[in-house]
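The end of the sequence shown is residue 217 by the working numbering, with every number in the run present.
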Amino acid sequence: YQNTKFRFTYNNVSYCVQIQEGSYLACQLATELTNIMNNAVGSVIFTVFYDVVGIRFWFGCTGSIGFTLDFDCKIEYPEAICNTSTIWFQYAKWGLPYYLGYLKKQYVFL
Numbered sequence: 108y109q110n111t112k113f114r115f116t117y118n119n120v121s122y123c124v125q126i127q128e129g130s131y132l133a134c135q136l137a138t139e140l141t142n143i144m145n146n147a148v149g150s151v152i153f154t155v156f157y158d159v160v161g162i163r164f165w166f167g168c169t170g171s172i173g174f175t176l177d178f179d180c181k182i183e184y185p186e187a188i189c190n191t192s193t194i195w196f197q198y199a200k201w202g203l204p205y206y207l208g209y210l211k212k213q214y215v216f217l
């Protein structure tokens with residue numbers, strides 16, 4: 108379904124991360140996102156929180172450097188796994204950021 112990856116930038120380095128394929132409760136997905144982001148940068152600075160009332164995921168960073176969520180970038184998936192290359196161009200269900208409640212744009216956090 109091409110919905111397991113996203114890209115973010117921290118300290119002028121871009122990271123493409125991938126969650127484990129499966130079914131998640133919202134709090135489990137927040138933990139998975141926190142872990143993969145921290146593993147990518149090699150330190151514990153990110154926290155992802157699920158707001159039950161607002162029904163949305165919030166990303167935070169305890170580091171002194173801002174970061175961006177690069178949800179405006181088309182993520183490539185191997186053709187052997189995904190036989191459709193049009194997911195990104197759909198209005199809905201276009202990738203993991205869509206399922207997290209975000210738009211196809213870059214979010215900058217200072």
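Even for Gly, the Cβ is constructed at its ideal location relative to N, Cα and C. Values in this document were obtained by computation on a predicted structure and should not be read as measured data.
Nearest to residue i (by Cα), restricted to the options the options
{"i": "Thr169", "options": "Cys180, Tyr157 and Met144", "result": "Met144"}
{"i": "Gln213", "options": "Thr111, Thr116, Gln109 and Asn110", "result": "Thr116"}
{"i": "Gln127", "options": "Pro204, Asn110, Arg163 and Asn119", "result": "Asn110"}
Residue range of the unbroken alpha helix (DSSP H) whose run includes residue i
{"i": "Leu217", "result": "Counting along the chain, Leu217 falls outside any alpha helix (DSSP H), and DSSP gives it neither H nor E."}
{"i": "Gln135", "result": "Ala133 to Val148"}
Contact set for residue i: own chain, Cβ-Cβ below 6 Å, skip 5 residues either direction
{"i": "Ile152", "result": "Cys168, Thr169 and Gly170"}
heavy atom of the ligand SAM below 7 Å from residue i C-beta
{"i": "Phe216", "result": "Ligands are entirely absent from the displayed structure, and the ligand SAM is therefore not among its contents."}
Same chain only: Cβ atoms within 8 Å of residue i, ignoring 5 sequence neighbours per side
{"i": "Ile172", "result": "Tyr117 and Asn118"}
Chain-order list of residues whose beta-carbon lies under 7 Å from that of residue i (same chain, five-residue window excluded)
{"i": "Phe174", "result": "Phe115, Thr116, Tyr117, Cys168 and Phe216"}
Residue j beta carbon less than 8 Å from that of residue i
{"i": "Phe164", "j": "Leu207", "result": "yes"}
Three-state secondary structure assigned by DSSP to residue i
{"i": "Tyr206", "result": "helix"}
Range of the contiguous beta strand (DSSP E) that encloses residue i
{"i": "Thr116", "result": "Lys112 to Tyr117"}
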